[in-house]
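Chemist:
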Amino acid sequence: MLKKLLLWMFCTLPACLPANAEIIAQIDASNGAVRQGGSTNKLDFALVSENDRDIRNYSPQALRLSVKAAEQGPALVQCEVGYRYLHGIGVGRSDTEAARLFRKAADQGLARAQIYLGALYQLGRGVPQSDSDALKWYCLAAEKGDAKAQCLIGFMYVNGRGVPRNYEEAAKWFLKAAEQGDSTAQCTIGYLYYAGEGVPRSYDEAVAWYRKAAEQGESMAQYNLAQMYEQGKGVPQSDTEAVYWFYKAALQGDAHAQCNLAYMYTHRKGLPENEAEGVKWYRKAAEQGDEMAEYNLGTMYERGKGVARDEYEAADWYRKSAEQGNEKAKRALKRLRIHIFYQSH
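First residue of the sequence shown: 1122, per the numbering used here; consecutive thereafter.
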């Protein structure tokens, strides 16, 4: 069953400014689930350049002019230079200066700056931490129809940050953003339909929204859609379709999808058995710290399936999984250590 809802709140900011990128965020929360078997606890934060300029390529002279222009200049310049200060790109890093410039742009009504300023309030960076102020700025951007702001308000309601927790209200905001094509909102509203949180439970609706997000390349939605096919919820059960979507998510580095894809290879579900491929994908997921992949990779080494038999290597992977609390790994490690001890005496 799905275990933890991946909510989108501000935890980290990337060190570069991609041109024409979107603001994306993910946070692990303890109530619900976007995908099975674990979660991510990070937020990627990127600035969209409205005029397709990438300020990473500014010359020093152009940057000096931009910093000067930001004091009296248009909101977009203020927002771009604020981003520079936020990450120390060509200028000294300063959250306080970033917040000051974001506020200048936000006061002029630039939605993106309002979102950034709200995020800094939510993080308490450059300004006092304040969920209520974060929500205020998100709402101003959302009133302009900004889908990311609508999505962030939804997560505030889910987490009870700045407002009482209210799944019905959260679902309304996610739906607004989802209908604009925001893949994060589509994936999240899909989960809410899956879990029956804030909306009537409907696997059909969950699948429909997961599919919209998955087709936009949202890896969590691809993983969720694969799970729906594997379980036959909202769609006819199909291991072949499950493999298709697990593979898409796995290629994007999703550890849970990689682990599931490996399982499909080793258990002949939706494709021919291929233990070597199974080991390859278990290893990719295990190296990201996925506890089930660590355990399964240990079993492959212990049994010599898809890889040369190596009990010491097996014990090492069991240990890594056991340290994360995996009970199967704890038992396997204890058994294997006893076996190795008697083999050596």
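We put the beta carbon where it would ideally sit given N, CA and C, even for glycine.
Counting along the chain, where does the alpha helix (DSSP H) carrying Glu1311 start and finish?
Modeler: By one-based count along the sequence shown, residue 1311 stands at place 190. Residue identity differs from the one stated: residue 1311 is Gly in this sequence, not Glu. 1304–1316 is the extent of the alpha helix (DSSP H) around Gly1311.
Chemist: Alpha carbon to alpha carbon, how far is Ile1461 from Tyr1422?
Modeler: One-based indexing of the sequence shown puts residue 1461 at position 340. One-based indexing of the sequence shown puts residue 1422 at position 301. Approximately 14 angstroms, taken between the alpha carbons.
Chemist: So Gly1062 packs on Ala1327, CB below 8 angstroms; how close in whole Å?
Modeler: Residue 1062 falls outside the range modelled here, since the chain spans only 1122 to 1466, and no answer is possible.
Chemist: In chain order, what residues of the same chain have a beta carbon less than 6 angstroms from the beta carbon of Gly1374, not counting five sequence neighbours either side?
Modeler: As a position in the sequence shown, residue 1374 is number 253, starting the count at 1. Cβ within range, chain order: n/a, list empty.
Chemist: Do Ala1306 and Cys1260 come within 8 angstroms of each other at the CB atom, strictly closer than that value?
Modeler: Stepping through the sequence shown from its first residue, residue 1260 is reached at position 139. Stepping through the sequence shown from its first residue, residue 1306 is reached at position 185. For Cys1260 and Ala1306, no; Cβs fall outside 8 angstroms.
Chemist: DSSP three-state label for Glu1467, please.
Modeler: Nothing in the structure corresponds to residue 1467, since the chain is present only between 1122 and 1466.
Chemist: So the candidates are Tyr1365, Ser1442, Gln1243, Ile1210; which of them puts its Cα closest to the Cα of Ala1347?
Modeler: Here residue 1347 refers to the residue found at position 226 of the sequence shown. The candidate whose alpha carbon is nearest that of Ala1347 is Tyr1365.
Chemist: For Ser1323, which three-state DSSP category applies?
Modeler: Numbered from its first residue, the sequence shown carries residue 1323 at position 202. Here Ser1323 sits in coil by DSSP.
Chemist: Among Phe1223, Pro1393, Thr1420, which residue has its Cα nearest to the Cα of Leu1454?
Modeler: Working through the sequence shown from its first residue, we reach residue 1454 at position 333. Ranking the options by Cα distance to Leu1454, first place goes to Thr1420.
Chemist: Drop a sphere of 10 angstroms on the beta-carbon of Ser1187, count the other beta-carbons inside from all chains shown, and report buried for 16 or more, exposed for fewer.
Modeler: Counted from its first residue, the sequence shown places residue 1187 at position 66. It counts as buried.
Chemist: Output needed for Leu1207: all residues of its chain with C-beta closer than 6 angstroms, excluding positions within five of it in sequence on either side, in chain order.
Modeler: Taking the first residue of the sequence shown as position 1, residue 1207 is located at position 86. If we look at Leu1207 and ignore the five residues flanking it on each side, its Cβ neighbours are Ala1219.
Chemist: Quick one: what's got a C-beta closer than 8 angstroms to Arg1286's C-beta in the same chain, skipping five residues either side?
Modeler: For the purposes of this step, residue 1286 is taken as residue 165 along the sequence shown, with counting starting at 1. Here the set comprises Tyr1278, Val1279, Asn1280.
Chemist: Excluding the five sequence neighbours on either side, which residues of its own chain have a C-beta within less than 6 angstroms of the C-beta of Ala1414, listed in chain order?
Modeler: Numbered from its first residue, the sequence shown carries residue 1414 at position 293. If we look at Ala1414 and ignore the five residues flanking it on each side, its Cβ neighbours are Cys1380, Tyr1403, Ala1406, Ala1407.
Chemist: Along the chain, where does the alpha helix (DSSP H) that runs through Asp1228 open and close?
Modeler: As a working mapping, residue 1228 is identified with position 107 in the sequence shown. From DSSP, the alpha helix (DSSP H) with Asp1228 extends over 1216–1228.
Chemist: Evaluate Asp1411 with the Cβ neighbour count: other Cβ atoms within 10 Å of its Cβ, from every protein chain shown; 16 or more gives buried, anything less gives exposed.
Modeler: Residue numbering aside, residue 1411 sits at position 290 when the sequence shown is read from its first letter. Buried, because 16 or more other Cβ atoms sit within 10 Å of the Cβ of Asp1411.
Chemist: Since I believe Leu1197 is in contact with Leu1231 (beta carbons under 8 angstroms), could you give me their beta-carbon distance rounded to a whole number of angstroms?
Modeler: Residue 1231 sits at position 110 when you count from the first residue of the sequence shown. Residue 1197 sits at position 76 when you count from the first residue of the sequence shown. Going by Cβ atoms, the distance from Leu1231 to Leu1197 rounds to 7 angstroms, so yes, they are a contact pair.
Chemist: Kindly list the residues whose CB is nearer than 6 angstroms to the CB of Tyr1288, restricted to its own chain and excluding five residues on each side of it in sequence; keep chain order.
Modeler: Here residue 1288 corresponds to residue number 167 of the sequence shown, with the count starting at 1. In its chain, beyond the 5 residues on either side, Glu1318, Gly1319 have a beta carbon closer than 6 angstroms to the beta carbon of Tyr1288.
Chemist: So the alpha helix (DSSP H) Gln1343 belongs to, where does it begin and stop?
Modeler: Here residue 1343 corresponds to residue number 222 of the sequence shown, with the count starting at 1. 1340–1352 is the span of the alpha helix (DSSP H), which, as asked, contains Gln1343.
Chemist: According to DSSP, is Ile1210 part of a helix, a strand, or is it coil?
Modeler: The count along the sequence shown starts at 1 and reaches residue 1210 at position 89. Three-state result, Ile1210: coil.
Chemist: If we count the other Cβ atoms within 10 Å of its Cβ and call it buried at 16 or more, is Arg1452 buried or exposed?
Modeler: For the purposes of this step, residue 1452 is taken as residue 331 along the sequence shown, with counting starting at 1. With fewer than 16 other Cβ atoms within 10 Å, it is exposed.
Chemist: Out of Val1400, Lys1369, Gly1239, Ala1443, state which residue places its alpha-carbon closest to the alpha-carbon of Gly1338.
Modeler: Within the sequence shown, residue 1338 is the residue found at index 217, counting from 1. Here the closest residue by C-alpha is Lys1369.
Chemist: Our contact map puts Ala1376 next to Gln1352 with C-beta atoms below 8 angstroms; I'd like the distance itself, whole angstroms only.
Modeler: Sequence index remark: in the sequence shown, residue 1376 carries index 255 (1-based). Sequence index remark: in the sequence shown, residue 1352 carries index 231 (1-based). No, Ala1376 and Gln1352 are not in contact; Cβ-Cβ is about 20 angstroms, not under 8 angstroms.
Chemist: Measuring straight from C-alpha to C-alpha, what distance separates Cys1308 and Ala1363?
Modeler: Here residue 1308 is taken as the residue at index 187 of the sequence shown, counted from 1. Here residue 1363 is taken as the residue at index 242 of the sequence shown, counted from 1. Each residue's alpha carbon lies about 17 angstroms from the other.
Chemist: Going by DSSP, what residue range makes up the alpha helix (DSSP H) through Ser1359?
Modeler: Here residue 1359 is taken as the residue at index 238 of the sequence shown, counted from 1. Here Ser1359 belongs to no alpha helix (DSSP H), and DSSP marks it neither H nor E.
Chemist: How many angstroms separate the CA atom of His1388 from the CA atom of Tyr1416?
Modeler: The residue you call residue 1388 lines up with position 267 of the sequence shown. The residue you call residue 1416 lines up with position 295 of the sequence shown. Each residue's alpha carbon lies about 16 angstroms from the other.
Chemist: Just the C-alpha distance for Gly1311 and Gln1301, rounded to the nearest angstrom, thanks.
Modeler: Counting from 1 along the sequence shown, the entry for residue 1311 is found at position 190. Counting from 1 along the sequence shown, the entry for residue 1301 is found at position 180. Their Cα atoms are separated by approximately 15 angstroms.
Chemist: How big is the Cα-Cα spacing for Leu1217 and Lys1269?
Modeler: Working through the sequence shown from its first residue, we reach residue 1217 at position 96. Working through the sequence shown from its first residue, we reach residue 1269 at position 148. First, the residue type needs correcting, since residue 1217 is Thr and not Leu in the sequence shown. CA-to-CA, the gap between Thr1217 and Lys1269 works out to about 23 angstroms.
Chemist: What's the gap between the Cα of Gln1235 and the Cα of Lys1333?
Modeler: Start at 1 with the first residue of the sequence shown, and residue 1235 comes out as number 114. Start at 1 with the first residue of the sequence shown, and residue 1333 comes out as number 212. Their backbone Cα atoms lie some 28 angstroms apart in a straight line.
Chemist: Pick from Tyr1350, Met1349, Ala1335: whose alpha carbon is nearest that of Gln1343?
Modeler: For the purposes of this step, residue 1343 is identified with residue 222 of the sequence shown, where counting begins at 1. It is Ala1335.
Chemist: Between the Cα of Gly1266 and the Cα atoms of Arg1233, Leu1222, Tyr1314, Arg1221, which residue gives the shortest distance?
Modeler: Residue 1266 sits at position 145 when you count from the first residue of the sequence shown. Measuring from the Cα of Gly1266, the nearest candidate turns out to be Arg1233.
Chemist: With Lys1390 as the anchor, note down where its alpha helix (DSSP H) starts and where it stops.
Modeler: Residue numbering aside, residue 1390 sits at position 269 when the sequence shown is read from its first letter. Run containing Lys1390: none; DSSP gives neither H nor E here.
Chemist: To the nearest angstrom, how far is it from the Cα of Gln1193 to the Cα of Ala1291?
Modeler: Here residue 1193 corresponds to residue number 72 of the sequence shown, with the count starting at 1. Here residue 1291 corresponds to residue number 170 of the sequence shown, with the count starting at 1. Answer to the nearest angstrom: the Cα atoms are 38 angstroms apart.
Chemist: Between the C-alpha atoms of Ala1167 and Gly1425, what's the straight-line distance to the nearest angstrom?
Modeler: What you label residue 1167 is simply residue 46 of the sequence shown in a count that begins at 1. What you label residue 1425 is simply residue 304 of the sequence shown in a count that begins at 1. Caution is warranted here: a pLDDT of 31 is assigned to Ala1167, below 50, making its placement in the model unreliable, and the coordinate value is therefore given only provisionally. Cα-Cα distance, rounded: 45 angstroms.
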